[in-house]
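When the letters of the sequence shown are read in order and numbered with my numbering, they come out as residues 3 to 56. Here a beta-carbon is modelled for each residue, glycine too, at the ideal position from N, C-alpha and C. Notes follow once the structure below has been shown.
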Amino acid sequence: MAKAIYISATEKNAGKTSISIGLIKYLTEKGMRVGFMKPLAQRYVEVNGGRFSE
């Protein structure tokens, strides 16, 4: 069964990605299969009139 952990913070640059990387390392060392997805970005760039995650 797939399980999910959602990591969030109330402000930018709070260390969410760093915590996620450490958690992924720990879980993979324990033999677990781990995936990582960053569905929302805080910054974007405009290309041809569209906004894309940096």
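Separation of residue 18 and residue 10 (C-alpha to C-alpha, rounded to the nearest whole angstrom) is 7 angstroms. Following the DSSP letters along the chain, one finds residue 28 inside the alpha helix (DSSP H) bounded by residues 18-31. For residue 52, the three-state secondary structure derived from DSSP is strand. CA-CA distance, residue 4 to residue 33, rounds to 15 angstroms.
Ranking 38, 15, 55 by CA distance to the CA of residue 26 puts 38 first.
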